[in-house]
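Peer 1:
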Amino acid sequence: MERRISALAAAILVFTVLATGTVIFSMLAQQIRSELKNGLVRTLNDRTALFQQEVGKGIDIAESIANRRPHLARMMVAVNDGSEDEKVRREIGMVLEIVRLDQRLSALALYDLSGELVAKSGEFLREPFAVSLRRPEKAMLKWQDGFYLELVTTMRLQGKKIGTVSIEYPLATLTAAFLNYQNHGETGETALCAALSPEQMRCFPTRHRPQPFDSPRSVDGKALPLSLAIDGESGAIMATDYRAQDVFDAYSPVGNSGLGMVMKIDQAELRRPIHEHLLWIVPLLAGLLALGFALLRWQVGPVVREVVNARARVHGILDNTADGIVTADEQGVVESFNYAAARIFGYPAAEVVGRNVNMLMPESDRSRHDAGMRNYLSTGKARVIGHGSREMRGLRKDGTVFPMEMTLGEMRLDGRRLFIASFRDTSELMQAHDELKSSFAALQVASRDLEETHAQLRRAELDQAQQMNALAEANVRMALFHDAMEQVRHADTSFSTSGDMGAFYHSLLNDVMSLTGAKYGAVGLFDTSGKLQQFLTEGISEEERHIIGPYPVGKGLLQAFYRENTTTRIDRIAEDPRSCGFPPGHPPMSSLLGVPLNVGGNTRGVIYLTDKDGGAAFTEQDEMLVEMVAREVEHILERGELMASLRVSNQALTRERTEQQSLIAKLQEAQAQLLQSEKMASIGQLAAGVAHEINNPIGYVYSNLGSLDKYMQDIFSVLESFEAAEGEFPSNSESLARIKAHKESLDLPFLKEDILALMAESKEGITRVKKIVQDLKDFSHVDEAEWQWSDLHHGLDSTLNIVWNELKYKIEVVKEYGDLPEVECIPSQLNQVFMNLLVNAGHAIESKGTITIRTGQEGDQVWVEIADNGKGIEAAHLKRIFEPFFTTKPIGKGTGLGLSLSYGIVTNHHGHIQVESTPGLGTSFRVWLPIRQAAA
2 MERRISALAA AILVFTVLAT GTVIFSMLAQ QIRSELKNGL VRTLNDRTAL FQQEVGKGID
62 IAESIANRRP HLARMMVAVN DGSEDEKVRR EIGMVLEIVR LDQRLSALAL YDLSGELVAK
122 SGEFLREPFA VSLRRPEKAM LKWQDGFYLE LVTTMRLQGK KIGTVSIEYP LATLTAAFLN
182 YQNHGETGET ALCAALSPEQ MRCFPTRHRP QPFDSPRSVD GKALPLSLAI DGESGAIMAT
242 DYRAQDVFDA YSPVGNSGLG MVMKIDQAEL RRPIHEHLLW IVPLLAGLLA LGFALLRWQV
302 GPVVREVVNA RARVHGILDN TADGIVTADE QGVVESFNYA AARIFGYPAA EVVGRNVNML
362 MPESDRSRHD AGMRNYLSTG KARVIGHGSR EMRGLRKDGT VFPMEMTLGE MRLDGRRLFI
422 ASFRDTSELM QAHDELKSSF AALQVASRDL EETHAQLRRA ELDQAQQMNA LAEANVRMAL
482 FHDAMEQVRH ADTSFSTSGD MGAFYHSLLN DVMSLTGAKY GAVGLFDTSG KLQQFLTEGI
542 SEEERHIIGP YPVGKGLLQA FYRENTTTRI DRIAEDPRSC GFPPGHPPMS SLLGVPLNVG
602 GNTRGVIYLT DKDGGAAFTE QDEMLVEMVA REVEHILERG ELMASLRVSN QALTRERTEQ
662 QSLIAKLQEA QAQLLQSEKM ASIGQLAAGV AHEINNPIGY VYSNLGSLDK YMQDIFSVLE
722 SFEAAEGEFP SNSESLARIK AHKESLDLPF LKEDILALMA ESKEGITRVK KIVQDLKDFS
782 HVDEAEWQWS DLHHGLDSTL NIVWNELKYK IEVVKEYGDL PEVECIPSQL NQVFMNLLVN
842 AGHAIESKGT ITIRTGQEGD QVWVEIADNG KGIEAAHLKR IFEPFFTTKP IGKGTGLGLS
902 LSYGIVTNHH GHIQVESTPG LGTSFRVWLP IRQAAA
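When the letters of the sequence shown are read in order and numbered with my numbering, they come out as residues 2 to 937.
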């Protein structure tokens, strides 16, 4: 008996421990496999997304170069028309070099409509490993110590093809991601391939194969995962790779590029964490078994031995007593029949046990016995039971009736009634009186021992059942905890995607309420001053949401939990001195569990659970599980704050980059204007120098012409005197004849007339040269670069004289000057403005036309208007004419800086420029200037 009970208890213990260990191991293994698989698939998705992002960036760069640079497009039109010169090609080359460096390209080339190379910057890779990508125009992915993307894009202007752009873009980010195996374990690798034929594919280098290679698309008629990915399928399978190793493959197509990508890791490496967990699970189970056996030996063994000994003692007493002892249930069915009873009644025990006890009575006494038993069971009033011995008659097996003395007792065993009757043959009563007394006393002792033994056995069984229930409850809680942690992580993923904190906290409350069996749940979120900012609840209706109001700091359980910053369990809320009570009509709440949420060393919130199912109080186990979930939530919140900080930093960097680009654009504009200003200053200095150098010889020539004119007048006077004296010579004078012949041969009258005309023309020419030199000096004003009072009409005339050579063949200039006072200005700068406007007006007139120059005064301002009847300016261009580098002139005929520089000069003089233009009719520029500059 003892061995059977011990063996049964040991078997139950072994089964329970092994079942628990198997469940825990299976759950851990499944979780590890799932996490590793999901991590591999997520990494693969990140890699394919990174590839598509890098390729998209390259396509954007190619499209930007081809179709978003009108200046480059206009130069390409000139190349295709054959009207370009070497300067245009050099400028295209400079533009390509700037673009290549700015976009971080390794090579950039531009081809005309015939496919001939126009310009190139950088060198394209020579003999790289390359595969073609699916794209309307040429696209290739190359490998040479890293990934490169080569794209060919059509260059268009107003929908018409004007050339092609070819770029080679290094995919540095993609290369770094592919060559970084830190998070791939010891055997993980990434493969990227493209279809070479229906049977072959071409692959880029991998971790185990550092050189590009070709590979079959199937093995033994079964398509490889890479081939499936190339065909547009995605998934994850267990397979055997080219090293004959069992691996886990995650495969996916790379967008619509025609490439397939696979990430794989050896199954042996996947199973390694599971085996590592097994190394501690097995010793743990062994320890639990040892502990269980020790407990069995220490607690159950003595009880079992005591029970067995007590049973043996009882059986010994019953079998050796002279009185017959029979036990029966409340229906009168015999459960035990001792040896003395068998001897007295003549029945073996096997014939009596299980039958009604009235078989041992004469027929005439049975009805009375049955009636008395029914009366006792219904009313509880006993006449025989518990009232000592009574004389009765018994019926032996052989049918003889004999007198006997019977004592009837009652006891409860396992919640049911048990009747014990002892019989004694009255004929032997006197002889066995003393023996009967001792036997009866021994029977009472044995009965008590039996009751105590049964009670001890029952307690042992209850203890064992409680242990089994506790173990089962622990398994259920462990499963719920793992489910809750998985839900929290799932909620974290949803929160990272959507940013919905409310949904995240509601999911959290549902998890911890399921885990602990709480009826109500809430999360209170606080600011840095301790003020309750948000209160989210679960299980509470809108009418019941006053469980906690926005109490000031120091009042209410929620604020107490925030202030104390420690996990708190309360079995009776109403008795807690920190409670502020509930509003009228609020549902009653008894037990409570509060767990703080700490982020960055500060209390950010409290998880608040009330009323466990069944009215029970929260346990230490509930507290431990919710704290573990809270720690996981804290990690998620810290990670969320880090991500938010990172987004703010990225936005700041983006703004800073935008500001830098704006500053760079302004700097480029300022540099261009400075260059133009320096150029004009150099031209002015050159003009002043030339004027100075020419002025001296012009003075000599002018002075000499004056002297020569006087001398010629004297010579002509002498000749006239000789002509007057010719009559005084004899007519036959030989000398006079020679003089007359010489005069006739020289045609002296013509010479006199022509000399006078030549002298007049020379004087007029040298006067004009002097005026041009003076106009050059007035236009440059090198010696007058400071603010001064100046005559604008004089500046206009000087400037007009400078540009007249360009205008005189097709332009008629009309001057309509008003009365202008002198203006405080920098004359050389305003002359530059007048020159730009006059030159632009001349360029706007294609054949014959008129330029009208008007001036006038209004109040304390003067204005100068230069109008032409040329082709005019389109309305779309009118808003941009003052922008640096903007020009409507053909390539090579304008820099786009003249009007921008003029606008800056007029603005610097605290004036402004008005423009009116009608396409086909002409354009008018009116420059407004203050007469006196405002005091600084």
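All residues carry an ideal CB built from backbone N, CA and C; glycine is no exception.
Which value, in whole angstroms, describes the spacing of the CA atoms of S515 and S591?
Peer 2: Taking the sequence shown and counting its residues from 1, one reaches residue 515 at position 514. Taking the sequence shown and counting its residues from 1, one reaches residue 591 at position 590. Cα to Cα, the separation comes out at about 18 Å.
Peer 1: Could you say which of L533, G857, E721 and N566 lies nearest to R927 if we only look at CA atoms?
Peer 2: The residue labelled residue 927 in the question sits at position 926 within the sequence shown. Minimum Cα distance to R927 is reached at G857.
Peer 1: For H913, does the count of other Cβ atoms within 10 angstroms reach 16, so buried, or fall short, so exposed?
Peer 2: Indexing the sequence shown from 1 puts residue 913 at position 912. When all chains shown are included, H913 counts as exposed.
Peer 1: Taking 7 Å as the cut-off, decide whether the C-beta atoms of D1 and V263 are in contact.
Peer 2: Summary: the structure shown does not reach residue 1, with the chain confined to residues 2 through 937, and so no result is reported for it.
Peer 1: What residue range does the alpha helix (DSSP H) around W805 cover?
Peer 2: The count along the sequence shown starts at 1 and reaches residue 805 at position 804. Counting along the chain, the alpha helix (DSSP H) containing W805 begins and ends at L793 to L808.
Peer 1: Evaluate R739 with the Cβ neighbour count: other Cβ atoms within 10 Å of its Cβ, from every protein chain shown; 16 or more gives buried, anything less gives exposed.
Peer 2: Sequence index remark: in the sequence shown, residue 739 carries index 738 (1-based). Exposed, since its Cβ has fewer than 16 Cβ neighbours within 10 Å.
Peer 1: Leaving out five residues before and five after S107 in sequence, what residues of the same chain have Cβ atoms less than 6 Å from its Cβ?
Peer 2: To locate residue 107, count along the sequence shown from 1; it is residue 106. If we look at S107 and ignore the five residues flanking it on each side, its Cβ neighbours are G123, E169 and P171.
Peer 1: Report the residue ranges of all beta strand (DSSP E) runs contained in full by the region 850-926; include only those spanning at least 3 residues, in chain order.
Peer 2: Counting whole runs of 3 or more residues, the region 850-926 contains the beta strand (DSSP E) stretches 850-859, 862-869 and 913-919.
Peer 1: Which two residues bound the contiguous alpha helix (DSSP H) that contains K139?
Peer 2: Residue mapping note: residue 139 aligns to position 138 of the sequence shown, counting from 1. Neither: K139 is in no alpha helix (DSSP H) and is coded neither H nor E.
Peer 1: Leaving out five residues on either side along the sequence, give the residues of the same chain with a beta carbon under 8 Å from the beta carbon of I767.
Peer 2: Against the sequence shown, residue 767 aligns to sequence position 766. I699, V702, Y703 and L706.
Peer 1: If you check the beta carbons only, do Q145 and P129 fall under 7 Å apart?
Peer 2: Translated into positions along the sequence shown, residue 145 becomes position 144. Translated into positions along the sequence shown, residue 129 becomes position 128. Yes. Within cutoff.
Peer 1: Hey, I231 and G256: beta-carbon distance below 7 Å or not?
Peer 2: Your numbering for residue 231 matches position 230 in the sequence shown. Your numbering for residue 256 matches position 255 in the sequence shown. No. Outside cutoff.
Peer 1: Pairs of beta-carbons, one from the region 41-49 and one from the region 125-140, closer than 8 Å: are there three or more?
Peer 2: Contact between the region 41-49 and the region 125-140 is absent, because fewer than three Cβ pairs lie under 8 Å.
Peer 1: Is DSSP giving V939 helix, strand or coil here?
Peer 2: Residue 939 cannot be examined here, being either before or after the span of the chain that is shown, 2 to 937.
Peer 1: Report yes if the C-beta distance between G923 and G871 is below 7 Å; otherwise report no.
Peer 2: If you number the sequence shown from 1, residue 923 lands on position 922. If you number the sequence shown from 1, residue 871 lands on position 870. Their beta carbons are under 7 Å apart, which means G923 touches G871 by this criterion.
Peer 1: What does DSSP give as the partner residue(s) for Y422 in the beta ladder?
Peer 2: By one-based count along the sequence shown, residue 422 stands at place 421. This sequence places Ala at residue 422; Tyr is not what is there. Looking at the DSSP assignment, A422 forms a beta bridge with V327 and L409.
Peer 1: Just the Cα atoms here: how many angstroms apart are L409 and D399?
Peer 2: Sequence index remark: in the sequence shown, residue 409 carries index 408 (1-based). Sequence index remark: in the sequence shown, residue 399 carries index 398 (1-based). L409 and D399: Cα-Cα distance of roughly 24 Å.
Peer 1: Report buried or exposed for A173, applying the criterion of at least 16 other Cβ atoms within 10 angstroms of its Cβ.
Peer 2: Reading the sequence shown from its first residue, position 172 is the one you call residue 173. Exposed, by the Cβ-count rule.
Peer 1: Beta-carbon separation of L537 and Y563 under 7 Å?
Peer 2: On the sequence shown, residue 537 is found 536 positions in, with the first residue counted as 1. On the sequence shown, residue 563 is found 562 positions in, with the first residue counted as 1. Cβ distance not < 7 Å, so L537 and Y563 don't count as in contact.
Peer 1: Does T817 come out as helix, strand or coil in the three-state DSSP assignment?
Peer 2: As a working mapping, residue 817 is identified with position 816 in the sequence shown. Here the sequence assigns Glu to residue 817, which means Thr is not the residue at that position. In the structure shown, E817 sits in a strand (DSSP, three-state: E or B).
Peer 1: Taking the alpha-carbon positions, what's the S65 to R90 distance?
Peer 2: Here residue 65 refers to the residue found at position 64 of the sequence shown. Here residue 90 refers to the residue found at position 89 of the sequence shown. S65 and R90: Cα-Cα distance of roughly 20 Å.
Peer 1: Under the three-state reduction of DSSP, which class applies to N181: helix, strand or coil?
Peer 2: One-based indexing of the sequence shown puts residue 181 at position 180. Coil.
Peer 1: Give me the residue from L594, N566, L654 and G850 with the minimum Cα distance to V513.
Peer 2: As a position in the sequence shown, residue 513 is number 512, starting the count at 1. Comparing Cα-Cα distances from V513 to each of L594, N566, L654 and G850, the minimum goes to L594.
Peer 1: Should E55 be labelled buried (16 or more other beta-carbon atoms within 10 Å of its own) or exposed?
Peer 2: For the purposes of this step, residue 55 is identified with residue 54 of the sequence shown, where counting begins at 1. Burial call: buried.
Peer 1: With contact counted as at least three CB pairs below 8 Å, one residue from each stretch, are the region 190-199 and the region 223-239 in contact?
Peer 2: Enough Cβ pairs lie closer than 8 Å, so yes.
Peer 1: What would DSSP say about K520, mapped onto helix, strand or coil?
Peer 2: Reading the sequence shown from its first residue, position 519 is the one you call residue 520. Here K520 sits in strand by DSSP.
Peer 1: So for F125, helix, strand or coil by DSSP?
Peer 2: Taking the sequence shown and counting its residues from 1, the one referred to as residue 125 is at position 124. F125: coil per DSSP, three-state reduction.
Peer 1: So, A422 versus M407, is the Cβ gap smaller than 7 Å?
Peer 2: If you number the sequence shown from 1, residue 422 lands on position 421. If you number the sequence shown from 1, residue 407 lands on position 406. Yes.
Peer 1: By DSSP's criteria, L930 is part of a beta bridge. Which residues make up the other side?
Peer 2: Residue mapping note: residue 930 aligns to position 929 of the sequence shown, counting from 1. Answer is V863, bridged to L930.
Peer 1: What is the rounded straight-line gap between the Cα of C204 and the Cα of P213?
Peer 2: Numbered from 1 along the sequence shown, position 203 holds the residue referred to as residue 204. Numbered from 1 along the sequence shown, position 212 holds the residue referred to as residue 213. Distance between the alpha carbons of C204 and P213: 6 Å.
Peer 1: Buried or exposed for L378, please, with buried defined as at least 16 other CB atoms from any protein chain shown within 10 angstroms of its CB.
Peer 2: On the sequence shown, residue 378 is found 377 positions in, with the first residue counted as 1. So L378 ends up on the exposed side.
Peer 1: Considering only the alpha carbon of each residue, which of I932, I608, G288 and L142 lies closest to G860?
Peer 2: Along the sequence shown, read from residue 1 onward, the residue named residue 860 stands at position 859. Of the listed residues, the one whose Cα sits closest to G860 is I932.
Peer 1: Can you give the Cα-Cα distance for V354 and A329, rounded to whole angstroms?
Peer 2: Position 353 of the sequence shown, counting from 1, holds the residue named residue 354. Position 328 of the sequence shown, counting from 1, holds the residue named residue 329. Their backbone Cα atoms lie some 9 Å apart in a straight line.
Peer 1: Under a Cβ-count criterion, where at least 16 other Cβ atoms within 10 Å of its own Cβ denotes burial, should T49 be classed as buried or exposed?
Peer 2: Locating residue 49 in the sequence shown gives position 48, counting from the first residue. So T49 ends up on the buried side.
Peer 1: Going by CA-CA distance only, name the one from L109, R157 and S848 that's closest to Y149.
Peer 2: To locate residue 149, count along the sequence shown from 1; it is residue 148. Looking at the Cα atoms, L109 is the closest of the given residues.
Peer 1: Taking Cβ to Cβ, would you say E817 is nearer than 7 Å to R855?
Peer 2: Stepping through the sequence shown from its first residue, residue 817 is reached at position 816. Stepping through the sequence shown from its first residue, residue 855 is reached at position 854. Yes. Within cutoff.
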